[in-house]
Amino acid sequence: MDLILSKYSIILNPPFFADLLGNPVVRPTAIETTTLGAVYATGLAVGIWTEDEIFASGEKVKLATTFSPASYEEQRNK
Numbered sequence: 002m003d004l005i006l007s008k009y010s011i012i013l014n015p016p017f018f019a020d021l022l023g024n025p026v027v028r029p030t031a032i033e034t035t036t037l038g039a040v041y042a043t044g045l046a047v048g049i050w051t052e053d054e055i056f057a058s059g060e061k062v063k064l065a066t067t068f069s070p071a072s073y074e075e076q077r078n079k
């Protein structure tokens, strides 16, 4: 889940999406991961750095919360 609104659980309800999809939904600590990805892509496109340099930098997105589905697949398919 990567949206500015994702930090507001009342607007985007991560447990609801986890139940609906039947998969865990992860909310990162850094909400602006889309911006980070755009910066990386731009840097690659103009030759500021290489893909190896980006992955070697050790920059990791920390996961704040994981929402697991509460219902079973049989219940979801009803």
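My numbering applies: residue 2 is where the sequence shown begins, and numbers increase by one.
Virtual Cβ for every residue (Gly too), placed ideally from N, Cα, C.
Since the model is a prediction, treat every value here as computed from it, not as a measurement.
- prompt: Secondary structure at Thr51, three-state DSSP: helix, strand or coil?
  reply: Coil at Thr51, not helix or strand.
query: What residue range is occupied by the uninterrupted beta strand (DSSP E) comprising Thr29?
result: The sequence shown places Pro at residue 29, rather than the Thr named in the question. Note, Pro29: beta strand (DSSP E), 26-29.
task: Give the range of the alpha helix (DSSP H) segment to which Ala19 is assigned.
output: Looking at the DSSP string, the run of the alpha helix (DSSP H) that includes Ala19 is 15-22.
query: Are there 16 or more other CB atoms within 10 angstroms of the CB of Phe17, so buried, or fewer, so exposed?
result: exposed
- prompt: Given a threshold of 16 other Cβ atoms within 10 Å of its Cβ, counted over all protein chains shown, does Phe68 qualify as buried or as exposed?
  reply: buried
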